[in-house]
Amino acid sequence: MLITYIRTILLYLILILVVRLMGKRQIGEMEPSEFVVTMLIANLAAIPMQDSGIPLLTGLIPILTVLGVELLLAVLSVQFITFRRILCGKPVILIENGTILQKNLQRTKLTLDELTELLRQKDVLELKAVKYAILETNGQISVFPYAAYAPAPAKDAGIAVEDPYLPITVVSNGKLLKENLPLLRQKPDWLASQLKQRNCRVEDIYLLTVDERGKTVFIKKDDAS
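For the sequence shown, the numbering used here assigns the number 98 to the initial residue and increments by one for each residue that follows.
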């Protein structure tokens with residue numbers, strides 16, 4: 098029984114490493130080939146997990162082989178456009194100049210209901226508002242409305258807005274993120290002054306962030322006294 102636990106943990110860690118090596122795409126953003134590889138690797142790992150009679154190395158070889166092929170295909174896809182189109186396909190225009198391209202809809206096996214659902218996910222309720230709708234290779238849809246239906250940017254509306262600034266996390270759930278301290282554009286004693294000002298310790302902080310403007314977000318733990 099102990100050997101089964103150890104094998105399962107090792108395979109679990111190896112699967113995490115394999116997925117990390119494949120990239121950081123989420124399931125909904127995977128190309129078809131990446132989704133197939135992910136499912137295949139999961140099934141290959143399930144066999145040695147369930148059958149302790151199979152040597153662990155025998156179970157790892159197919160997983161590492163599939164990973165090697167996937168990484169090779171990824172390199173070829175970057176280097177050769179034709180190969181990338183064969184492997185991943187091409188974006189398909191579903192709506193052009195406000196007109197639904199029915200042949201493209203049939204070719205992509207999408208129904209009208211599915212198309213309108215995808216448009217609603219983009220906050221589009223009227224088909225006539227869409228100038229272009231493109232089905233990307235990862236299954237997501239890109240929607241470009243007519244100018245009359247598009248929200249006006251701040252510069253066109255004459256509104257002065259500030260650019261966003263990236264907040265840097267200093268403390269997360271009572272843990273000081275020392276690697277982020279050099280990124281702060283603050284004085285060396287900034288953290289100490291923040292703690293003194295709020296009369297608390299690092300362990301009492303749930304979240305502490307600061308951006309380039311010096312704007313601070315401070316959230317104390319619920320159970321902190």
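Beta carbons are placed, not taken as given, at the ideal position from N, Cα and C, and that holds for glycine.
DSSP state of residue i mapped onto helix, strand, coil
| i | result |
| --- | --- |
| Leu281 | coil |
| Pro145 | helix |
| Val299 | helix |
| Ile192 | strand |
| Val134 | helix |
| Phe180 | helix |
Candidates the options, of which the one nearest residue i by Cα
| i | options | result |
| --- | --- | --- |
| Glu259 | Leu273, Ala289, Ala171 and Arg310 | Arg310 |
| Ala244 | Lys284, Pro261 and Gly195 | Gly195 |
| Leu137 | Tyr262, Leu112 and Ser149 | Leu112 |
| Lys228 | Glu193, Arg104 and Asn235 | Glu193 |
| Arg104 | Glu131, Val189 and Ile151 | Ile151 |
Residue burial classification, residue i (beta-carbon count within 10 angstroms, cutoff 16)
| i | result |
| --- | --- |
| Ala142 | buried |
| Glu211 | exposed |
| Thr213 | exposed |
| Ile106 | exposed |
| Gly156 | buried |
| Pro145 | buried |
Whole-angstrom distance between residue j and residue i, CA atom to CA atom
| i | j | result |
| --- | --- | --- |
| Val133 | Ile316 | 42 Å |
| Thr135 | Ala226 | 38 Å |
Beta carbon of residue i nearer than 7 Å to that of residue j
| i | j | result |
| --- | --- | --- |
| Leu191 | Ala230 | yes |
| Val116 | Leu164 | no |
| Val221 | Thr205 | no |
| Leu305 | Val268 | yes |
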